[in-house]
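Notes to accompany the following structure.
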Amino acid sequence: MSEFEKYYPKISNLSTKFLDNPELGFKEYQTSKLIEDEIKSISPSIKVEHYLGTGLKVIFDNHKPKTIGIIAEMDALYQPKHFKANPETGAAHACGHYTQVGIALAMINEIVKAERLKEFGTNLAFIFTPAEEFVDLDWRQEQKAKHKLDYFGGKQEAIKQGLFDHINYCVSVHAIGEEFKQRTVEINCDLAGFNFKYFDFYGEASHAAFAPESGVNAQSIATLFTTALALQRQQIKNPNRIRFNPVVIGENTESINVIPDHVKMGSDLRFFDIKYVQSLMKKFDQAAQGCASALGGKAKITTQVGYLPLHSNREMNALVKDTFLQEDRIPGLIENRGYTMAAGDIGDVGFIMPTIQIGYGGWTGTIHGSDFKLIDPEFVLKIFPEFVFNSTLNISNHLEKIDEYHHTKREYLKALKKMEG
Ligand SMILES: [Zn+2]
5 MSEFEKYYPK ISNLSTKFLD NPELGFKEYQ TSKLIEDEIK SISPSIKVEH YLGTGLKVIF
65 DNHKPKTIGI IAEMDALYQP KHFKANPETG AAHACGHYTQ VGIALAMINE IVKAERLKEF
125 GTNLAFIFTP AEEFVDLDWR QEQKAKHKLD YFGGKQEAIK QGLFDHINYC VSVHAIGEEF
185 KQRTVEINCD LAGFNFKYFD FYGEASHAAF APESGVNAQS IATLFTTALA LQRQQIKNPN
245 RIRFNPVVIG ENTESINVIP DHVKMGSDLR FFDIKYVQSL MKKFDQAAQG CASALGGKAK
305 ITTQVGYLPL HSNREMNALV KDTFLQEDRI PGLIENRGYT MAAGDIGDVG FIMPTIQIGY
365 GGWTGTIHGS DFKLIDPEFV LKIFPEFVFN STLNISNHLE KIDEYHHTKR EYLKALKKME
425 G
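Here the sequence shown stands for residues 5 to 425, where the numbers follow our numbering.
Next up, the structure:
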């Protein structure tokens, strides 16, 4: 019996504990403690490094020049209708991150119990990251105002703190939000980047019946702006690789017989091309200013930087595919979808170094929805961890096949600054 098989009942049990204890990003205290306790139970001599309150890092030094990072996200998202939601916080594991933790722990267990470290051509670093989901934004905004956070993604903050400084390649995994007839993994799938744009339109209030002519209707400006963005779609290069969704946010507290003097709109803007999106953001700003000025009002624009796009490293993926071809317990491989408009802060890691995200099935229901649920735990927590382990091993022994690149932390922070406009 392999160590993955022996460990399965334990990790399956522990994963249920993670599922039953969902915590929002940067607040994964119980989850983090359970992970640390489990690492110590695998081997009390493993050194666990802490960062950002809940983040954990474990290094297996193999006396090699290069290091592969293996990432596991710890956070839940806000989905109060989920069948396992925390009734107080609304947090729920509707994105399956808790199984990423299980997969990483199964790999750590294999390294220790089966003494596998020496087979690797690199060192290994297991990084348990907080806050992948872009949620709980009011709280994060408060932390930002108090200078406790600069960015809303856990990996972004971790990069800023130097957690990825000595790592050369990263392997991450993520649940696929689809139900498959057979056990399935996915490679070669890029993730979009995104930014949040906010547009405050200001007009002049007046009596809507008695003196509408002396007002400036902020809602009319917002309507004009929505139309301008819709017309702008025609001028967009590769429109299938760009998404935006302008919506009015915030409530109108004025009476309906008053010409509204303020309307707040927001839109996310998803993209793959960092340079192109900067020029697109300028066009959006120009449209907002133009629409406000056309009706005699004003516009204030703010940008909240989101995540960078992930260009999943194709050479590393090719090595994962080689591993897949040796693995007869997993029949399904998706390798040609190319991209999804979903996003993650793993994209920020990919900006710095060659990075992949391997998708795994085993789920039913709608990802991020109320019914997202693990239906094939044996695949996800026993077979797939071994597959990721073997893929990482294969990558570590074929580094010459990967075009290595490295952006420094400074270059990364500069790129984010540019995204803020
Ligand atoms: Zn996720």
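No residue lacks a Cβ here, since even glycine has one placed at the ideal position from N, Cα and C. Note that the structure is predicted; figures quoted are calculated from it, not measured.
Asked: Coarse secondary structure for I260, derived from DSSP in three states; Found: coil
Asked: Limits of the unbroken beta strand (DSSP E) element including R274; Found: 266-275
Asked: Three-state secondary structure (DSSP) of H101; Found: helix
Asked: Sub-9 Å separation of V262 and H211 beta-carbons; Found: yes
Asked: Option nearest K31 by Cα separation, candidates Y12, E53, L81, I338; Found: L81
Asked: Reduced DSSP secondary structure (H/G/I, E/B, other) of Y11; Found: helix
Asked: Distance, M111 Cα to K61 Cα; Found: 14 Å
Asked: Given T133 as reference, the closest of V177, D142, K117 once Cα atoms are compared; Found: V177
Asked: Uninterrupted alpha helix (DSSP H) stretches inside the region 307-391 (no shorter than 4 residues); Found: 318-329, 350-356
Asked: Pairwise C-alpha distance: E255 and E404; Found: 57 Å
Asked: Proximity test, E190 beta-carbon vs ligand 1 heavy atom, cut-off 8 Å; Found: no
Asked: S374 to E208 span [Cα, whole Å]; Found: 42 Å
Asked: Inside the region 154-214 only - beta strand (DSSP E) runs reaching at least 3 residues; Found: 173-179, 188-190, 194-206
Asked: Neighbourhood of A213 by C-beta distance below 7 Å, restricted to the same chain and skipping five residues each side; Found: N261
Asked: Coarse secondary structure for E53, derived from DSSP in three states; Found: strand
Asked: First through last residue of the beta strand (DSSP E) which encompasses E77; Found: 71-77
Asked: Nearest candidate by alpha-carbon position, reference G166, set E190, G94, E53; Found: E53
Asked: beta-carbon E390 near ligand 1 non-hydrogen atom, thresh 8 Å; Found: no
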